[in-house]
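If you read the sequence shown in the numbering used here, its first letter stands for residue 59, the second for the next number, and so on. Where a beta carbon is used, it is the ideal one built from N, C-alpha and C, also for glycine.
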Amino acid sequence: MNSLLFCIDVLSIFQSKIFTRSQSKKKEHSLLATEPLNNKNLKMDLIEALNVIDRFKNINIRETFKALEKLDALDMDYDFATIFSASKIMKEASAQIDEIVHASGIMNAQKKWLDENEKLRYLSLGAGNHKERFDLETNLRIAEFKFGRWNDKSPNGLRRRGYFSNYIGLLTSEDPRRKYFVVEDKESFFKFIKGKADWRNVLSKNPTGLKKLEFFLIENGKENLTSVGQIYSAFEESVTILDYCDIV
59 MNSLLFCIDV
69 LSIFQSKIFT
79 RSQSKKKEHS
89 LLATEPLNNK
99 NLKMDLIEAL
109 NVIDRFKNIN
119 IRETFKALEK
129 LDALDMDYDF
139 ATIFSASKIM
149 KEASAQIDEI
159 VHASGIMNAQ
169 KKWLDENEKL
179 RYLSLGAGNH
189 KERFDLETNL
199 RIAEFKFGRW
209 NDKSPNGLRR
219 RGYFSNYIGL
229 LTSEDPRRKY
239 FVVEDKESFF
249 KFIKGKADWR
259 NVLSKNPTGL
269 KKLEFFLIEN
279 GKENLTSVGQ
289 IYSAFEESVT
299 ILDYCDIV
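Pasting the structure below:
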């Protein structure tokens with residue numbers, strides 16, 4: 059609970075919406091999200107919304123849902139109007155959380171990672187910025203950043219496409235500066251990048267990236283390569299892959 063409140067506080071400050079945080083003892087299961095707001099005309103702030111959702115979830119949200127799904131429990135005294143409002147507020151507040159993670163991660167890295175003689179030339183912190191530029195550019199290097207943990211129990215299709223597209227963007231760039239791909243979960247990424255996945259399938263939803271890599275391979279006499287692992291092995295020295303934790 060405390061860690062969630064801390065995250066909400068940071069998010070609020072980042073978005074220039076400062077809320078007053080009040081400390082209160084967590085209520086027992088019998089009081090779960092049953093108390094409506096004191097004034098329905100006052101919109102909840104993030105902390106209030108978090109408290110409402112936290113009480114509703116109790117210890118295990120699945121158990122809460124199971125209890126609600128029992129027909130004889132439909133008349134349980136929950137204030138669903140307040141719960142609905144709170145969940146919408148939380149959803150709206152977290153809509154851009156990935157961009158905030160990306161931006162704050164890069165800003166944190168650039169303060170600790172760059173050399174003394176290195177000068178920052180360009181930053182791309184938000185989504186949809188210049189596609190031909192990189193997340194971080196200095197007089198000595200260019201770098202792309204990817205944050206998030208890989209799920210060992212999932213195919214990670216979306217994550218594989220995103221990571222590989224960023225990697226290919228660096229690999230195929232003619233920029234003479236040193237190239238770095240910084241990831242938060244290097245071990246899991248290596249399992250993929252050294253694997254047997256067909257690179258054409260991975261880039262099937264990125265026609266621009268596919269054409270770039272295709273042309274790059276032909277130029278380098280490697281058009282026979284079919285897997286992401288073969289590409290990584292052939293050009294391992296071109297892009298340095300770093301774990302984010304190692305640079306901060």
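Of the residues the options, the one placed nearest residue i, counting alpha carbons only
i	options	result
Leu108	Glu195, Lys146 and Lys128	Lys146
Asp103	Arg113, Val240, Glu150 and Thr230	Glu150
Ile299	Phe293, Val241 and Phe274	Val241
Arg217	Glu295, Ile305, Phe247 and Ala139	Phe247
Ala292	Arg236, Asn278 and Phe192	Asn278
Residues that residue i bridges to, as DSSP identifies them
i	result
Asp301	Val241
Glu352	For residue 352 there is no data in the structure shown, the boundaries of the chain being 59 and 306.
Leu194	Leu181 and Ala201
Ser285	Asp256
Assigned exposure category for residue i - 16 Cβ within 10 Å defines buried
i	result
Thr266	exposed
Gly227	buried
Ser223	buried
Ser182	buried
Gly215	exposed
Gly184	exposed
Val110	buried
CB contact check: residue i to chain B, cutoff 8 Å
i	result
Lys269	No chain B is present in this structure, which holds just one protein chain.
Range covered by the alpha helix (DSSP H) that runs through residue i
i	result
Glu150	Phe138 to Ala151
Arg179	Taken as a continuous stretch (DSSP letters only), Arg179 belongs to no alpha helix (DSSP H), being part of the beta strand (DSSP E) at Leu178 to Leu181.
Glu174	Premise fails: Glu174 is in no alpha helix (DSSP H) and is neither H nor E.
Leu108	Leu104 to Lys115
Nearest-angstrom beta carbon gap, residue j and residue i [assumed within contact, 8 Å]
i	j	result
Val297	Tyr180	Actually they are not in contact, since the Cβ atoms of Val297 and Tyr180 sit about 18 Å apart, beyond 8 Å.
Lys237	Ile200	6 Å
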